[in-house]
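K.L.:
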Amino acid sequence: MRNALLIAGRELRSYLRSPLGWIVASAMLLLDGLLFQVGAMGGAKLSAQVLADFFYYMSGITMVGAIALSMRLIAHEREKGTLVLINTAPIRDSEIIGGKFIALFTFICGVTLLTAYMPALIFVNGRVSVGHILVGYAGIVLLGAAAIAIGLFASAFARTQVIAAVLGAAILGVMLLLWMAAKVADPPVSSFVLALALHHERQRAFMNGVLRLDNVVYYVAVTYFFLLAAIKTMEARRWR
Amino acid sequence: MIEIQALTKYYGDRKAVGPLSFSIAKGEIVGLLGLNGAGKTTTLRILACDLLPSSGSVRVDGLDVVDNPDDVRARVGYLPDHPPLYDEMTVAEYLIFAAKIRGLTGAEARKRVDEVTISTALRSVRDDVISTLSHGFRQRVGIAQAIVHKPQLLVLDEPISGLDPVQIVEMRELVRNLRDEHTTLISSHFLSEISQTCDRLLVLRDGEIVASGTEEELSTRLLEGGSIIVTVRGDGAHAKRLLSTIKDVRSVEIVGGAPHASITTLRVDAPRDIREDACRTLVLADIGILELTRSERELESIFLTLAQPDGRPENGARA
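Protein chains in written order, with the working numbering: chain A, 1 to 240; chain B, 1 to 319.
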């Protein structure tokens, strides 16, 4: 764990010292603000609907931000030749992947936390429950973790950042669109495919303030699966 | 310290290394010499546990790199051909990070960083951001990260690559100064440089060792003499005539000198080592010898003879 935190600390500091971290954070916050103002707050709506719409827009922005930053986690180090430093240190591959994940997850959580003033603004002219806000944010954080894990796997697999971004976006896209595949399939396949979809039904429950254990388990499982795949990819690369 | 038995490494169907067997004793500085694509970097990466071998046994301090990779990594300091530097960090921050991921505590890391910045002459730049450093300093930081955890084995992949002549001399001195604390394996494709730093050379061609020994042993065994350069004071033409009379001398030519100071430089070519005979002949003729060395071209001849079957560089050699 100590090694994972060391890697996470260095990675997190690199976001704050490079323009990329600030640019992505600024873009995410700007888009969150614009979509909150124009999309979520547009027209006459119930306060709960405004909040649900806010979380809907925010989920998309979080996924894009997670993929944009995760593409560099391993592939960038491989391109720059710095991966060899941690690869030749007495650190397990799981600690390398764990450290990278912790760093980006912390960053995404930090950016997410900075949007908290937007739901608070709803209280000016409306009323929503704090529980709804917390559950919505829990959904965003869990979705962000899954997107980071997918991006991290793509970054461990790909030789370059660009390929990592394309691969990560492709996996994410397929997982997002599984609900469409479910529509054209017959039961029980359709139910199974729908259950695998990353956003559609899973995220809607969080947006509406409904915390369900199966949805939490699903996001944790997706995150765990792709982190494990990233670790195995790192191990396999040493045999190549 | 290092025992390698029948090591092979394949990239897909292409054999990069092997079968390769050699051992290195504790405290030795050994040079791994070969052209690009000879398998030097792959061998070093396997020793540093960055890659796993396809077959064979690689042991560092008695530990197998496949069975005990973490224990081996803790004993090895590795400088790849491009130093693995995080440009946004300062030198001190980077070295402390490198020390900590090798298992040192915060206090130990800071103490070691103080020591290595002195031994690698990095004190003046320890608070500088790495992206602002010159190539020579970056290479020094690379060495500093490799030794910061006091490894028993130091593996340096072409540490003089891209350095200017002054930096090369400094780097050579730095590596020599490390010999008391580390067993060192250095790769290079410059025989002239590596031979001055190492106790012993291993010449690699197509992933296999084709020769080993000191530069002297290699040249004696392979070239049985070759060219020598003699600088004399006095009558150059007379010296040329005398040298021509030495048994087995093929040719003598005047290649330079300073006529106003009666200094002449001659190249003598022979199929055996005639340095002793040349000295005796000139001294008996009362001709002052200012210098007598092997030709620098000689070193390249040795290298090409060893590295290439036909003695010519191969076009399109793999990296």
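For glycine and all other residues, C-beta sits at the position ideal for the given N, C-alpha and C.
1) Please name the residue, chosen from B:T197, B:L153 and B:V66, that lies closest to B:L174 on a Cα-to-Cα basis.
2) Would you say the stretch 55-72 of chain A touches the stretch 192-212 of chain A, given that touching needs at least three Cβ pairs under 8 Å?
3) How big is the Cα-Cα spacing for A:A164 and A:E77?
4) State buried or exposed for B:H182, treating a residue as buried only when at least 16 other CB atoms are found within 10 Å of its CB.
5) So, for B:P313: in the same chain, excluding its five sequence neighbours on each side, which residues have a beta-carbon less than 6 Å away from its beta-carbon?
6) Contact defined as beta carbons within less than 8 Å: I believe A:G131 pairs with A:A66. What is the distance between those atoms, to the nearest angstrom?
7) So is B:K150 in contact with chain A if we call contact Cβ pairs under 8 Å?
8) In the structure shown, what three-state DSSP assignment does B:E158 receive?
9) So, is the C-beta of A:R78 closer than 8 Å to a C-beta in chain B?
10) Pop quiz: B:L290 and B:R233 are said to be a contact at Cβ under 8 Å. What is the actual Cβ separation, rounded to whole angstroms?
11) Assuming the contact rule is C-beta atoms closer than 8 Å, A:V111 and A:L29 should be a hit. Round their C-beta distance to whole Å, please.
12) If we call anything under 8 Å between Cβ atoms a contact, is B:T132 one with B:R123?
13) Identify each residue in the stretch 46-60 of chain B for which the Cβ-Cβ distance to at least one residue of chain A is less than 7 Å, and report them in chain order.
14) Decide if the stretch 40-59 of chain B is in contact with the stretch 2-18 of chain B; the criterion is three or more beta carbon pairs, one per stretch, under 8 Å apart.
15) Below 9 Å on C-beta distance, what does A:G81 contact in chain D?
16) Taking the continuous alpha helix (DSSP H) assigned at B:D277, which residues delimit it?
17) Using the beta-carbon of each residue, which ones in chain B are nearer than 9 Å to A:S14?
18) Could you give the C-beta distance for A:A8 and A:I102, rounded to a whole number, given that I count them as a contact under 8 Å?
19) Spell out whether any CB of chain A is found under 8 Å from the CB atom of B:S303.
20) Rounding to the nearest angstrom, what Cα-Cα distance links B:G213 and A:V222 in this structure?
21) Counting only runs that start and end within the stretch 156-205 of chain B, where is the beta strand (DSSP E) found for 3 or more residues in a row?
22) Counting only Cβ pairs nearer than 7 Å, list the residues of chain A close to B:G39.
23) Please decide whether A:V84 counts as near chain B, where near means a Cβ-Cβ distance under 8 Å.
24) Suppose the cutoff is 6 Å on Cβ atoms and the five residues either side in sequence are ignored; what does the same chain contact list for A:V220 look like?
25) Which runs of the alpha helix (DSSP H), 4 residues or longer, sit entirely within the stretch 161-234 of chain A?
26) Name the one or two DSSP bridge partners that A:R237 has.
27) Is A:W179 close to chain B? Criterion is C-beta to C-beta, closer than 8 Å.
28) Give me the residue from B:Y78, B:Q167 and B:N68 with the minimum Cα distance to B:L154.
29) Among the residues of its own chain, which have a CB less than 6 Å from the CB of A:A139, if the five just before and after it don't count?
30) Can you check which of these residues, A:D214, A:A89, A:M63 and A:V184, is closest to A:A27 by C-alpha distance?
P.N.:
In short, the structure shows the following:
1) B:T197
2) yes
3) For A:A164 and A:E77, the distance between alpha carbons rounds to 12 Å.
4) B:H182 should be labelled buried.
5) Residue confidence is low: B:P313 scores 41 on pLDDT, short of 50, so the model does not pin down where it sits. Its coordinate-derived value is still stated next. Closer than 6 Å at Cβ, skipping near neighbours: no residue.
6) A:G131 to A:A66, Cβ: 25 Å. No contact.
7) Among the CB atoms of chain A, none fall inside 8 Å of the CB of B:K150.
8) coil
9) For A:R78, the nearest beta carbon of chain B is not closer than 8 Å to its own beta carbon.
10) 6 Å
11) 7 Å
12) no
13) A48, C49, D50, L51 and L52
14) yes
15) The chain labelled as chain D is not found among the protein chains of the depicted structure, namely A and B.
16) R275 to L284
17) Y86, E88 and M89
18) A Cβ-Cβ distance of about 4 Å is found for the pair A:A8 and A:I102, placing them in contact under the 8 Å criterion.
19) Rather than Ser, the amino acid found at residue 303 of chain B in this sequence is Phe. No - not a single Cβ of chain A is within 8 Å of the one on B:F303.
20) 57 Å
21) 183-188 and 200-205
22) Correct list: empty, because the minimum Cβ distance to chain A is about 16 Å.
23) yes
24) Counting only Cβ-Cβ distances below 6 Å, and skipping sequence neighbours, we find nothing.
25) Listed in chain order, the alpha helix (DSSP H) elements of length 4 or more contained wholly in the stretch 161-234 of chain A are 161-176, 178-184, 189-196 and 200-207.
26) Answer is none; A:R237 lacks a bridge partner.
27) Closer than 8 Å to the CB of A:W179 there is not a single CB belonging to chain B.
28) B:Y78
29) Sequence inspection shows Gly at residue 139 of chain A; the Ala mentioned does not correspond to that position. Answer for A:G139: Q203 and F206, listed in chain order.
30) A:M63
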